[in-house]
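Take a look at the structure below.
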Amino acid sequence: MRLCSIAEVAEGQARGFAVPGLRRKVVVVRKSGRVFGYLDSCPHYEGGTPMAWRTDRYLNGEGTHLACHSHGALFDVETGECVLGPCLGQSLTRVPLRVSALGEVELQLESAVEEPA
Ligand code: FES
């Protein structure tokens, strides 16, 4: 399923996209020429919390980490692991993506996305 064009997410930036059937958006983030996808669902609280304080504000101020602005958790962009904050060692839910030859970012395995309860 198509999420967006790669041109809609600049290198070093992140954006969220709604997906039919998913309660949370999928965050597409680009770093070092690679593309990563995660559910917009902070693992700090069971059930997950949307992370951005404003539309598409998924990164910390320096742009180095994904951030949950509720309580300041920081997540490694490449692994989704919380490296600072109240959910240390927990991880964001990875969403497998692929970028087509035409530059379309596609959700690769829809069935692999398991939303937190
Ligand atoms: S809900 Fe994300 S850090 Fe608390």
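Counting from 1, position 105 in the sequence shown corresponds to residue 1313 in the working numbering; the numbering is continuous, with no gaps. Note that beta-carbon positions come from the ideal geometry of N, C-alpha and C, so glycine has one too.
Backbone secondary structure at residue i - three-state DSSP
i, result
"E1314", "strand"
"A1215", "helix"
"A1226", "coil"
"A1309", "coil"
"S1240", "coil"
"E1286", "coil"
"I1263", "Before going on, a small fix: residue 1263 reads as Thr here, not Ile. Coil, per DSSP."
6 Å Cβ shell around residue i - same chain, five flanking residues per side excluded
i, result
"C1276", "C1250, M1259"
"G1245", "V1234, V1236, V1303, L1305"
"A1226", "K1233"
Own chain, CB closer than 7 Å to residue i, minus 5 neighbours either side, in chain order
i, result
"W1261", "H1277"
"H1279", "H1252, G1293, P1294"
"G1220", "R1238, K1239, G1271"
From the options, residue whose alpha carbon lies closest to that of residue i
i, options, result
"K1233", "Y1266, A1309, I1214, Q1298", "Y1266"
"G1224", "D1264, A1215, T1257, F1244", "D1264"
"G1256", "Q1316, R1210, Q1298, M1209", "Q1298"
"A1215", "Y1253, G1241, D1284, L1282", "G1241"
"G1229", "A1222, M1209, L1282", "M1209"
"V1285", "A1226, E1254, L1247", "L1247"
Chain-order list of residues whose beta-carbon lies under 8 Å from that of residue i (same chain, five-residue window excluded)
i, result
"S1213", "G1311, E1312, V1313"
"A1218", "R1238"
"S1308", "E1314"
Identified DSSP bridge partners for residue i
i, result
"A1281", "C1276"
Environment of the ligand FES in chain order, Cβ to heavy atom below 7 Å: C1250, H1252, Y1253, T1257, M1259, C1276, S1278, H1279, G1280, A1281, G1293, P1294, C1295
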